[in-house]
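Down below is the structure, laid out as structure tokens.
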Amino acid sequence: SVAYKNVVGSKRSAYRVLLGLEQKADGSDLRKQLITEYKKTVRGELDAICTEVTDLLEGSLIPHASSSESKIFYHKMKGDYFRYMAEVAPADKDVIKKSKDAYETAFDIAKEELAPTHPIRLGLALNFSVFHYEICNESKEACDLAKEAFDAAIAELDNLKEDSYKDSTLIMQLLRDNLTLWTSADTADDGAEGADEGAGDPN
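Residue numbers (my numbering): 537 to 739.
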């Protein structure tokens with residue numbers, strides 16, 4: 537999972553840089569053509585890696601997941617990797633639906649099985665809210681989800697286990713940062729890219 541996360545992270549970063557360069561380049565410029573071609577290559581590589589991960593999740597990891605934590609984690613991971621595919625293919629409704637369905641499945645289990653302060657549940661809320669904001673352009677849904685997760689965790693903070701304190705509070709900080717960013721962006725009528733947790737690792 538960590539190896540995939542690192543490779544996908546570098547591809548996502550490269551794609552964003554190339555997208556920015558492409559938008560700034562002159563339309564008839566040879567440089568823009570080269571950037572566009574390289575962007576297609578990076579997108580293809582990203583799609584291939586994400587497809588490999590989602591196939592592994594659907595074909596093996598999810599069906600054989602025994603604990604609630606692993607089920608939630610793998611469905612969240614499935615949502616993450618379909619989201620990464622949606623980032624480079626915003627018109628692909630099938631990929632967007634698969635991401636949303638995976639997040640919703642994970643969230644339904646998490647609400648029943650995990651405490652609001654559990655780092656997996658918090659990480660899921662963080663990434664699902666980013667999905668709403670960045671992929672679906674649903675700022676209200678994103679803010680509502682992030683605020684609900686943050687408030688629920690704050691209410692249970694006294695019961696937070698010591699071994700997960702650092703992870704949980706870090707994700708809570710990211711939720712709060714995104715809320716601040718998105719609220720100010722909406723006020724300014726300007727888009728803002730929120731921070732997510734990445735694909736993560738169950739340990």
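We put the CB at the ideal spot given by N, CA and C, even for glycine. Everything numeric in this text was worked out from a predicted model, so none of it was measured.
The beta carbon of F618 lies closer than 8 Å to those of C586, T590, V631, I632, K634, S635, A638 in the same chain, with the five residues before and after it left out. Residues of the same chain with a CB within less than 7 Å of the CB of R712, apart from the 5 flanking positions on each side, are F686 in chain order.
Burial check for T653: the Cβ neighbour count within 10 Å reaches 16 or more, so the residue is buried.
Under the three-pair Cβ rule at 8 Å, the stretch 591-601 does not count as touching the stretch 566-579.
Nearest Cα to D583 within the set V543, P599, A688, C672: V543.
Boundaries for C672: no alpha helix (DSSP H) harbours it, and the DSSP string shows neither H nor E there. Leaving aside the five residues that flank A682 on each side, the residues in its chain whose CB is nearer than 6 Å to its CB run, in chain order, S665, L711, N714, L715.
A direct Cα-to-Cα measurement between E648 and T641 gives close to 11 Å. The residues E558, A561, D562, in chain order, have a CB closer than 7 Å to that of K568 in the same chain once the five nearest residues on each side in sequence are set aside. For secondary structure counted as the alpha helix (DSSP H) over 4 or more consecutive residues, the stretch 549-599 holds these complete runs in sequence order: 566-592. Following the DSSP letters along the chain, one finds N695 in no alpha helix (DSSP H), marked with neither H nor E. In the structure shown, G615 adopts helical secondary structure according to DSSP, grouped into three states. Where E648 is concerned, the enclosing alpha helix (DSSP H) starts and stops at 629-649. Rounded to the nearest whole angstrom, the C-alpha separation of V624 and N673 is 15 Å. In this structure, the straight-line span from the alpha carbon of I707 to that of I571 is close to 35 Å.
Taken through DSSP and simplified to helix, strand or coil, E733 comes out as coil. Boundaries of the alpha helix (DSSP H) harbouring P655: 655-666, taken from the DSSP string. When C-alpha distances from D628 are compared across I671, F643, L658, A651, the shortest belongs to I671.
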